[in-house]
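In what follows, a structure is listed as structure tokens, so that the remarks can point back to it.
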Amino acid sequence: MNISLTVEQEQIIQDVRAFVEEEVRPFATHFEEQQALPKDLIQKMAARGYLGATFPKKYGGLELDPITYGLFTEEIGKGDSNTRGLITVHVSLAGECILKWGTREQVEYWIPQMVQGKKIGAFALTEPDVGTDAKSVQTTYVKDGSNYIINGRKKWISFGDIADFFVLIASNEGKVTAFIVERERKGLNTSPIPGLLAGKASHIAEIELNNVVVPEANILGRLGAGFTYVVNTALDHGRYSIAWSGVSLAQAALEAMVSYSRQRSQFGKKLRTYQFIQGMIADAVTKTHAARSLCLRAGELRKNGDPEAIIETSLAKYYASKIAMDITIDAVQVHGGNGCYNKYPVERYFREAKILEIIEGTSQVQQEIIAGYGIKKYYTRRES
Ligand SMILES: Cc1cc2nc3c(=O)[nH]c(=O)nc-3n(C[C@H](O)[C@H](O)[C@H](O)COP(=O)(O)OP(=O)(O)OC[C@H]3O[C@@H](n4cnc5c(N)ncnc54)[C@H](O)[C@@H]3O)c2cc1C
535 MNISLTVEQE QIIQDVRAFV EEEVRPFATH FEEQQALPKD LIQKMAARGY
585 LGATFPKKYG GLELDPITYG LFTEEIGKGD SNTRGLITVH VSLAGECILK
635 WGTREQVEYW IPQMVQGKKI GAFALTEPDV GTDAKSVQTT YVKDGSNYII
685 NGRKKWISFG DIADFFVLIA SNEGKVTAFI VERERKGLNT SPIPGLLAGK
735 ASHIAEIELN NVVVPEANIL GRLGAGFTYV VNTALDHGRY SIAWSGVSLA
785 QAALEAMVSY SRQRSQFGKK LRTYQFIQGM IADAVTKTHA ARSLCLRAGE
835 LRKNGDPEAI IETSLAKYYA SKIAMDITID AVQVHGGNGC YNKYPVERYF
885 REAKILEIIE GTSQVQQEII AGYGIKKYYT RRES
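So the sequence shown is numbered by our numbering: it starts at 535 and just counts up by one.
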């Protein structure tokens, strides 16, 4: 699909493609084995402005519009989901929330340092006993003079083990509030979660908060508006990023599937000549194009500030993560035994695709949102 980009946008996409080819894709398996993204990779990303991909230029960011940001996300995601995950969490979740709801002081303090990679941000919503039902978070805050005291536990926090600060969601008798909580606060401890299916190099951690004291100035948005303001902003931006991540895995798996089927022969013929293999390729091409179209549509609406952008983003996230799963399963199938072996990247794509159906609102949550929209929008009073 030809997307018309300005020279500057085209340049950024070419740069990130070259960067991924040189610094990311060849090392994706190594990152998993090390269970870490190298610090110098993060600093190289910062030096190129990637850690401020959508942030305003006045703070050092690249100020990418939604479409270019989507294409940028796709390029990184094709190379490695952990590296892409850093962008999702740091830029789309933590950064966008601060930009949208932060005070001038908060924006001017955090955003330039985030661009420079001096402060890595994470988003801490999920807890051991609270996931989808996010409004019911059990982490508590209570007022103490001009401070707030936070107690509780957060789980599955991407980059939680290396983040310098957390946009953290807590509740006081149902009044949900977002706080910026710095790692060095007394009583805050993180521990890595080993044994993950994917996201192995995403520094996923559990966070414990024991009487962590934060000043009033660390409230992000308004007291009691943590869900309506901050969580909704984070999920909307996060979903857009994950939608493009689905496209990236689908595209990478499609390319791998086609290449393998053109190289491998059985019964004296290339795999690509068999109709059952062609069926999988045809479905993968169609679904990848359809998912990219949904992402571009969501991006266009986001660029224009259209209120439909939110639902179209959910649609794109739901569909792209679903087809990423389908296509990566088929890519493993086309590779046969080699597809189950980590010397071939489809084994990793397959594991990474599953995560996309769970994070930023599971597929069931997206279905609920989309069904609610459809039931309202497509009701006609005709009897038959
Ligand atoms: C790799 C990874 C990285 C993550 N990173 C972060 C992060 O950075 N920050 C963060 O805060 N969280 C993070 N999470 C957590 C993630 O957001 C949650 O796992 C997700 O929201 C689902 O919550 P849960 O795991 O508690 O599942 P549950 O909410 O217990 O759901 C279990 C199943 O029940 C279904 N279900 C639940 N409620 C309903 C319903 N009403 N109707 C129909 N079906 C329903 C769900 O769709 C799911 O299939 C991460 C998770 C993973 C795996």
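Where a beta carbon is used, it is the ideal one built from N, C-alpha and C, also for glycine.
{"query": "Roughly how many angstroms separate the alpha carbons of G871 and F565, rounded to a whole number?", "result": "23 Å"}
{"query": "Leaving out five residues on either side along the sequence, give the residues of the same chain with a beta carbon under 7 Å from the beta carbon of R756.", "result": "Y763"}
{"query": "Within 8 Å, do at least three Cβ pairs link the stretch 792-809 to the stretch 835-848?", "result": "no"}
{"query": "Would you call the stretch 600-609 in contact with the stretch 540-547, where contact means no fewer than 3 C-beta pairs closer than 8 Å?", "result": "yes"}
{"query": "On the criterion of 16 or more Cβ atoms from any shown chain inside 10 Å, does P879 qualify as buried, or is it exposed?", "result": "buried"}
{"query": "Considering only heavy atoms of ligand 1, does any lie closer than 7 Å to the CB of W644?", "result": "no"}
{"query": "Short of 8 Å in beta carbon distance, which residues of its chain neighbour G733, apart from the five on each side in sequence? Order them along the chain.", "result": "S615, N616, G619, S692, E886 and I889"}
{"query": "Could you tell me which residues DSSP pairs with Y675 in its beta bridges?", "result": "I684"}
{"query": "With 16 other CB atoms within 10 Å as the buried threshold, where does G679 fall?", "result": "exposed"}
{"query": "Since S827 sits in a beta bridge, which residues does DSSP pair it with?", "result": "None; S827 has no bridge partner."}
{"query": "Roughly how far, in whole angstroms, is the beta-carbon of G772 from the beta-carbon of S626, given that I think they are within contact range, below 8 Å?", "result": "5 Å"}
{"query": "So, for Q867: in the same chain, excluding its five sequence neighbours on each side, which residues have a beta-carbon less than 8 Å away from its beta-carbon?", "result": "M814 and G873"}
{"query": "Hey, is V623 close to ligand 1, as in C-beta under 7 Å from one of its heavy atoms?", "result": "yes"}
{"query": "Across which residues does DSSP place V868 in a beta bridge pair?", "result": "The partner list for V868 (beta bridge, DSSP) is empty, contrary to what the question assumes."}
{"query": "Where do the ends of the beta strand (DSSP E) carrying G655 lie?", "result": "G655 to A658"}
{"query": "Helix or strand or just coil, what does DSSP make of I776?", "result": "helix"}
{"query": "Can you check the stretch 705-779 for any beta strand (DSSP E) of at least 3 residues that lies completely inside it and give the ranges in chain order?", "result": "709-716, 722-726 and 739-749"}
{"query": "Are at least three pairs of beta-carbons, each pair with one atom in the stretch 590-600 and one in the stretch 713-731, less than 8 Å apart?", "result": "no"}
{"query": "Are the CB atoms of I703 and V746 within a distance shorter than 8 Å?", "result": "no"}
{"query": "Compute the Euclidean distance between the alpha carbons of N706 and F810, then round it to the nearest angstrom.", "result": "57 Å"}
{"query": "Give me the Cβ distance between A697 and G651, rounded to the nearest whole Å; I'm assuming they're in contact under 8 Å.", "result": "Incorrect: roughly 12 Å between the Cβ atoms, too far for contact."}
{"query": "Assign S779 to buried or exposed, taking buried as 16 or more other Cβ atoms, counted over all protein chains shown, within 10 Å of its Cβ.", "result": "buried"}
{"query": "By alpha-carbon positions, which one of F699, G694, V701 and F713 ends up nearest to P482?", "result": "Lying outside 535 to 918, the shown extent of the chain, residue 482 is not represented and no answer is given."}
{"query": "Would you mind sorting T711 into buried or exposed? The rule is 16 or more other CB atoms within 10 Å of its CB.", "result": "buried"}
{"query": "Confirm the yes/no value for this check: CB of G760, any heavy atom of ligand 1, distance under 7 Å.", "result": "no"}
{"query": "According to DSSP, what are the bridge partners of K803?", "result": "Q800"}
{"query": "DSSP state of I691, grouped into three classes?", "result": "strand"}
{"query": "Could you tell me if Q785 is buried or exposed, where buried requires 16 or more neighbouring beta carbons within 10 angstroms of its beta carbon?", "result": "buried"}
{"query": "Taking the alpha helix (DSSP H) that C631 falls in, what are its first and last residues?", "result": "E630 to W635"}
{"query": "Nearest by alpha-carbon distance to R638: which of N876, A580, N752 and R551 is it?", "result": "N752"}
{"query": "Would the stretch 628-635 count as touching the stretch 549-558 if we require 3 or more Cβ pairs under 8 Å?", "result": "no"}
{"query": "Answer yes or no: the CB of F657 versus the heavy atoms of ligand 1, is any distance below 7 Å?", "result": "yes"}
{"query": "Taking only heavy atoms of ligand 1 into account, decide whether any of them is closer than 7 Å to the Cβ of L730.", "result": "yes"}
{"query": "Following a CB-centred definition, is G733 positioned closer than 7 Å to any heavy atom of ligand 1?", "result": "yes"}
{"query": "How many angstroms separate the CA atom of Q812 from the CA atom of T862?", "result": "15 Å"}
{"query": "Just to confirm before moving on: does the CB-CB distance between N681 and E750 stay below 8 Å?", "result": "yes"}
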